[in-house]
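Have a look at the structure below before the remarks.
In the working numbering, the protein residues as written are 336 to 407.
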């Protein structure tokens with residue numbers, strides 16, 4: 336995560352265990368998932384201007400179902 340935040344875009348050792356000669360396919364899949372999550376984390380936040388935020392929040396708080404609402 337720190338490397339991604341520092342804009343380093345090279346990953347070495349995916350799938351490796353302990354040394355270069357020990358390789359694991361399940362770890363490769365897990366490392367790929369980690370890299371995908373970090374890539375997703377680094378995306379820019381997209382601001383959507385057309386949401387009726389004030390009215391929506393007032394309604395959700397009034398009905399007390401903010402956590403289960405579709406927009407949450």
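Note that beta-carbon positions come from the ideal geometry of N, C-alpha and C, so glycine has one too.
Among the options, nearest to residue i - alpha-carbon criterion
i, options, result
"residue 343", "374, 356 and 362", "374"
"residue 367", "388, 348, 404 and 397", "348"
"residue 339", "370, 350 and 394", "370"
"residue 350", "379, 365, 372 and 341", "365"
"residue 336", "402, 376 and 382", "376"
"residue 353", "362, 346 and 345", "362"
Residues that DSSP places opposite residue i in a beta bridge
i, result
"residue 358", "351"
Rounded Cβ spacing between residue i and residue j (contact assumed at less than 8 Å)
i, j, result
"residue 404", "residue 396", "At roughly 10 Å, the Cβ-Cβ gap does not stay under 8 Å, so residue 404 and residue 396 are not in contact."
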